[in-house]
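So in the working numbering, spot 203 of the sequence shown is number 232, and the numbers just go up one at a time. Here's the structure, in structure tokens; my notes come after.
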Amino acid sequence: MSGRNSIASSKRPVAEIALLFLALVLWSSLGLAPVDAAGEGSRREPKRVLLLHSFGRDFLPWSEYARSIKLKLEQGSPWLLDIQEHTLLTARLTRLDTEGPFVEYLRSIYQGRPPDIIMSVGGPAAGFVQRHRSDLFSDVPMVLTTVEERLIDRARLTEQDTVVSVRNDFVAAFRNVLQVLPETRTIALVIGASTLEKFWLDEVKKEVRPLEDRVSFVWYGDLPFDEILKRASSLSPNTALFWGLMSVDAAGAVHDGESALHRLRAVANAPIFCFEESFFGSDIVGGPMHSIPELGRKTAEAALRILGGEKPADVKIEPIEYAAPKYDWRELQRWGISESNLPEGSEVLFREPGVWEKYRWQVALIAAVILIQAGLISGLLHERSARRLAEVESRQRLAELAHVNRYSAVGELTASIAHELNQPLGSILTNTETAELMLKGSSPDLREIREILADIRRDDQRASEVIRRLRSVLKKAPFEVREIELKETVREVMGFVADVAVGRDIELSFYAPPEADLHVMGDPIQLQQVVLNLILNALDAISEAQAGKREVSVITARSGNFAEIRVGDTGAGIAVADLKTIFDPFFTTKPEGMGMGLAIVRTIVEAHHGTISAENQPFGGALFTVRLPLAS
Ligand code: ADP
């Protein structure tokens, strides 16, 4: 109270205080006692406001309206105020014959000193003060506030009464539900069972008739609140809940404050609507609602005018309609209600700050990290693709170089190839001539001619095979990896160089254990080139003049997860100093050598993820070992 007094008294004009001070000085100088002057006394005396609540001081929605009325009164009053609050507990009961003692109680409190103004808050309080107008200080002005139009008994209003009423438009409230949630098929009304609530249920039922072809209504007026909670948790789809009033439920349980609505919101599987702003802010979606500040302001204004001397009957306030619709953004999100469904002029409140507003720095940091990472990744990808390109290019070069090398290798074989071709071609010619001669005779021996033809065919096939091998080794093909059986690849080369070895009087042997599975991933032409180069070098290493064993042996074998090709010879071997440089490009000890053969061999082997090594054998001669990973 002290805070309130100081606010009101602080408004006292300075000039007034100065005059009072002057009067006091004059009176005291005349020897008169400073008696309580009439005007001053009435100003100092606080205005006594009897505020009568309907269900209790803390019952929503009235408690919020009362709070606003008191605040506006204190803000606007030039007088000290003494607001005395009472509660008409009988509103919670259905019987009216228990009101008498409460009237007596009030009369006895204010005996001899009636309040300056009576203010009733809510319908039941309005009904009470109207019913007992003559018993309750009939001369005292009265403001009936926070009351719906229909609850005012207009016929009973006196000259001393003012009404600040609201108008509940149920149809508009339900239309709002249908507008924001057009799929709604059912509206379930949550309402209590007190006299006031029963009255309203009947009113709603009457009013919503025009909507009944659009939506069906379910009334929870005769259910205990626990049962309402149960039903609200398993509503069929496209149902909306409407929070009417819940002061006293069908089981007689009293619900003040917001806890009942909180409980409903916690279990309900449908959105909750309501036209009372006091429930707005945590549990309801919103819509057109009565504005608490508007009612508080209008009521306080009316009361202050009356306290200032105006006749209550002359203070006329129009019934208060719903304010512009307001919605709770969080509930809109929760129920997936699009803002485009909201009526024009709506206000959306309680927007939660977006991730950006909430975590500005964190987001900026993460974005920076992502950007840097993206930069690194794209850099790495670029490098990878550049490396791939380089790899492809180098393979291309290798293939070209290897091709040139093959030409030169095959050049060395020209004599032997010519020999190999000449032999079958010569026999074909001889056999043809023989057959011709035989056919000229009177009775040619057809059986023999048939044998000659068979010989011709065999020689022709031999020549074709020589040409096929030659073509295959000279083929200019890109590096192409596939699964191959290494034994077969090597065997093909053996057939190719066999005659060269014979021509040089060197024994060429090939040993491939048949049980060893030597499947590798590789390019067959390039691997053949490896073997061809190694064999040609081995043949070269055995000079024409060399006496003793003249032998080149080729072995394929398995060693762990690798396939091995070993090419050994009985030549002069490699000088120890040259073992390190033997694979370098242009290293050669031959007068007409190019020194590229082994360099190409090593490049091909490494491109197959393999290794190659050279060593001297204990009994003389060199041994080259190629190791290639087996195909998994
Ligand atoms: P090129 O045959 O044109 O000389 P290579 O790269 O094939 O080129 O061989 C390089 C050198 O390695 C040869 O000149 C020779 O000195 C040596 N070499 C290669 N194979 C053998 C071998 N089986 N025995 C002895 N020396 C060899």
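Glycine included, each C-beta is placed from N, C-alpha and C at the ideal position.
Quick one: using the 10 Å Cβ neighbour count with 16 as the cut-off for buried, is residue i buried or exposed?
i    : result
A331 : buried
L473 : A small fix is needed here, since residue 473 is Pro in this sequence, not Leu. Exposed is the call here.
A396 : exposed
I170 : Correcting the residue identity first, residue 170 is Pro in this sequence and not Ile. Classification for P170: buried.
R540 : With the sequence shown as reference, residue 540 is identified as Tyr, and Arg is not the correct amino acid for it. Exposed, since its Cβ has fewer than 16 Cβ neighbours within 10 Å.
Q555 : buried
L230 : buried
Q159 : buried
P63  : Summary for P63: the model assigns pLDDT 40, below 50, so the residue's position carries little reliability, and this model does not support an answer.
A643 : buried
P211 : exposed
M266 : In the sequence on display, residue 266 carries Pro and not Met. P266 should be labelled exposed.
W390 : exposed
K469 : exposed
P130 : exposed
Q558 : buried
Y22  : One cannot answer for residue 22 here, as it falls past the ends of the chain, which runs 30 to 661.
Y134 : exposed
L87  : According to the sequence as given, residue 87 is Asp; it is not Leu. Label assigned to D87: exposed.
H638 : exposed
V433 : exposed
L652 : buried
S39  : Caution applies to S39, whose pLDDT of 42 falls short of 50 and renders its modelled position unreliable; the value that the coordinates give is listed next. Exposed is the call here.
P620 : exposed
F271 : buried
V519 : buried
Q646 : exposed
In the DSSP assignment, what residue or residues form a beta bridge with residue i?
i    : result
T585 : I594
A651 : N645
S311 : None; S311 has no bridge partner.
K516 : Answer is none; K516 lacks a bridge partner.
S149 : L81 and L173
M550 : E512
V277 : V283
F302 : F271
P317 : Answer is none; P317 lacks a bridge partner.
D357 : L378
R413 : Note: R413 sits in no beta bridge, so no partner.
E580 : E536
K76  : L110
I349 : V195
L659 : V549
T640 : R656
For the beta strand (DSSP E) containing residue i, name the first residue and the last one.
i    : result
G273 : T268 to L274
E133 : Element bounds for E133: not the beta strand (DSSP E) but the alpha helix (DSSP H), G129 to I138.
L627 : Segment G626 to A636 is the alpha helix (DSSP H) holding L627; no beta strand (DSSP E) there.
Start and end of the alpha helix (DSSP H) containing residue i?
i    : result
H291 : S288 to V296
Q113 : Note, Q113: premise wrong, no alpha helix (DSSP H); beta strand (DSSP E) at L110 to T116.
L186 : Here L186 belongs to no alpha helix (DSSP H), and DSSP marks it neither H nor E.
L102 : W91 to G105
A384 : According to the sequence displayed, residue 384 carries Val and not Ala. Per DSSP, V384 belongs to the alpha helix (DSSP H) from V384 to K387.
Using 7 Å as the cut-off, classify the Cβ of residue i as near or not near the heavy atoms of ligand 2, replying yes or no.
i    : result
N562 : As far as ligands go, the structure on display features ligand 1 and does not contain ligand 2.
Using a Cβ-Cβ cut-off of 8 Å, state whether residue i counts as contacting chain C.
i    : result
I313 : Among the protein chains of the structure shown there is no chain C, as only one such chain exists.
Q. Quick one: complete alpha helix (DSSP H) runs, 4+ long, within the segment 194–237?
A. 199–209 and 224–236
Q: Answer yes if the segment 402–422 comes into contact with the segment 347–361, meaning at least three C-beta pairs across the two stretches below 8 Å, and no otherwise.
A: no
Q: Enumerate, from N- to C-terminal direction, the unbroken alpha helix (DSSP H) stretches of 4 or more residues contained entirely within the segment 237–261.
A: 254–261
(Q) My parser needs the beta strand (DSSP E) runs of 3 or more residues fully inside the segment 516–545; what are they? (A) 536–540
Q.
For the pair the segment 578–596 and the segment 543–550, tell me if three or more CB-CB distances fall below 8 Å.
A. yes
Q) Which full runs of the beta strand (DSSP E) of 3+ residues lie inside the segment 431–501, going along the chain? A) none
Q. Do the segment 107–118 and the segment 171–189 touch if we need at least three Cβ pairs shorter than 8 Å?
A. Judged by Cβ distances under 8 Å, the segment 107–118 makes no contact with the segment 171–189, as fewer than three pairs qualify.
(Q) Using a Cβ distance threshold of 8 Å, determine whether the segment 189–205 contacts the segment 340–352, with at least three qualifying pairs required. (A) Below 8 Å, enough C-beta pairs join the segment 189–205 and the segment 340–352 to call them touching: three or more.
(Q) Does the structure place the segment 363–371 close enough to the segment 209–226 that three or more beta carbon pairs sit under 8 Å? (A) yes
Q. How about the segment 274–287 and the segment 245–259: do they share at least three Cβ pairs that are nearer than 8 Å?
A. yes
Q) Would the segment 319–338 and the segment 285–303 be scored as touching if the rule is three or more Cβ pairs under 8 Å? A) no
Q.
Is it the case that the segment 518–537 contacts the segment 564–573, given that we only count it when at least three CB pairs across the two stretches are under 8 Å?
A. yes
Q. Do the segment 647–660 and the segment 589–600 meet, that is, are 3 or more Cβ pairs less than 8 Å apart?
A. yes
Q: Examine the Cβ distances between the segment 454–468 and the segment 479–490 and report whether three or more of them are shorter than 8 Å.
A: yes
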